[in-house]
Amino acid sequence: MQTKKIINDGNRSVDEMLEGILAAHPRHLKSAAGSPRSIIARDGPRQGKVGLVIGGGSGHEPTFLGFVGKGLADAAAIGNVFASPPPDPILECAKAVSGGAGVLFMYGNYAGDVMNFDMAAEMAAMEDIEVRTVLSTDDVASAPRDQRQKRRGVAGNFFIFKAAGAACDRMLSFDECERIARKANDHTFTMGVALSPCSLPQTRRPNFEIGPDEMEIGMGIHGEPGIARGKLKSADEITDEMLDKILDEMALARGDKVAVLVNSLGSTPLMELYIMNRRVKQRLDDIGVAVHATWVGNYCTSLEMAGASVTLMHLDAELQMMLDHPCDCAMFRAG
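The sequence shown begins at 1 in UniProt numbering and counts up by one.
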């Protein structure tokens, strides 16, 4: 059975989406000359500033396009649906945002992205652009704690990119921007649950199977296997199961602060996300942890997948300052 989508040609969906985004947000975004998959912030790159380039596959909107703007990412390289961008558009992003202070590459820890961004970094070095890379590894479900470097980057990208973008916008040194980016990643933890599959525009067929009364805890944003599949539970039970695994990683103490993201994987509505957020707040209140800021909505999606994720970022004064730093992007604003 094929799914229903409002598209023209599945093979043209990403490029037509980019045309529509540029038409909707001309004040924030433009494409690099001759490279339509290289999306650049109109107000962001400048001399003496560390450039921040993010990127990855399409289908996760507003990740990555929505985080390009003043105070966050300076550019995003866009791949096909659930596929890494090739090296050339990544290089064009680096060239467009290079202000002489170095360029930071940040993206989720996926093999294709690592290969192509590393190739682009080598190409940038040949043009005298120094590049450093920080991978996001916030997905608690994707590897054991002692192998955190193998974990995937998922919705926690929102917090991690936000902190790094603030450091860059504050004109901090390359060393400091890299340090804060790594610190942000180390303080960010995500767990998701999937209720139904998504389908790629080219195939319009579900990319995995799950029963009508089942859920899968820990499933990845491309349909990667999770850690447990079972009967669908109540919102509080689902949220508790995810939070138990997140809190087990964080070593929070009474009086600590966190930032909270309750994220839809695509088709889960705000009503259900706010029901989950209510439970998150109850659990954090119970252990004496303060919520500094909360975001609820679509921040890192998987096309039309039903499900949600919860992300907590453990804040200290520095990370709180970075999170509060103003930014103005096409699909997101803060401060």
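Glycine residues also receive a C-beta, built at the ideal position from the N, C-alpha and C atoms.
I need the straight-line Cα distance from residue i to residue j, nearest angstrom please.
i           : j    : result
P45         : V103 : 10 Å
residue 347 : L195 : The question about residue 347 has no answer, for the chain in this structure spans 1 to 335.
R132        : A120 : 11 Å
residue 357 : S267 : Residue coverage of the chain in this structure runs from 1 to 335, which leaves residue 357 outside it and unanswerable.
K245        : R283 : 13 Å
D169        : G112 : 29 Å
L72         : A290 : 25 Å
V134        : D286 : 34 Å
Shortest alpha-carbon distance to residue i belongs to which of the options?
i           : options               : result
K281        : V296, P269, S267      : V296
D118        : G153, S98, I90        : I90
V260        : I210, I6, M191, E178  : M191
G153        : M123, G56, S35        : G56
K233        : P206, P212, I246      : P212
S136        : D146, G156, K49, Q147 : G156
D138        : M115, M123, A181      : A181
N109        : A73, A75, Q147        : Q147
residue 362 : A76, S13, K4          : Since the displayed the chain opens at 1 and closes at 335, residue 362 lies outside it and no answer follows.
D328        : A24, I6, V68, P36     : V68
G223        : D236, R205, I129      : R205
G255        : D74, L273, G288, G48  : G288
G79         : K150, S38, F189, M271 : S38
L312        : T294, K231, S173      : T294
Terminal residues of the continuous alpha helix (DSSP H) containing residue i?
i    : result
N277 : 270-286
G44  : Here G44 belongs to no alpha helix (DSSP H), and DSSP marks it neither H nor E.
M119 : 111-125
D240 : 235-250
V14  : 13-24
K162 : 157-169
V97  : 87-97
Please list the terminal residues of the continuous beta strand (DSSP E) segment that includes residue i.
i           : result
F105        : 103-108
I78         : 75-81
A143        : Note, A143: premise wrong, no beta strand (DSSP E); not H, not E.
residue 342 : Past the edges of the chain, shown from 1 to 335, lies residue 342, and the structure says nothing about it.
A300        : Inspection of the sequence shows that residue 300 is occupied by Cys rather than by Ala. Taken as a continuous stretch (DSSP letters only), C300 belongs to no beta strand (DSSP E), as it is neither H nor E.
Flag residue i as yes if its beta-carbon sits less than 7 Å from any beta-carbon of chain B, otherwise no.
i    : result
R152 : Among the chains of the structure shown, chain B does not appear; only one protein chain is present.
Under 7 Å Cβ to Cβ from residue i, same chain only, skipping five residues before and after it: list those, please.
i    : result
C300 : H60, T63, V154, A155, N157, F158, I221, N263
Q320 : K257, H292
P86  : N116
E92  : A32, S35, S38
H187 : M313, H314, L319
Excluding the five sequence neighbours on either side, which residues of its own chain have a C-beta within less than 8 Å of the C-beta of residue i, listed in chain order?
i           : result
residue 414 : For residue 414 there is no data in the structure shown, the boundaries of the chain being 1 and 335.
R229        : I210, E214, M215, E216, I217
Would you list the residues sitting across from residue i in a DSSP beta bridge?
i    : result
F189 : L312
By Cβ distance, which residues of its chain are closer than 6 Å to residue i, with the 5 residues on each side in sequence left out?
i    : result
N298 : S264
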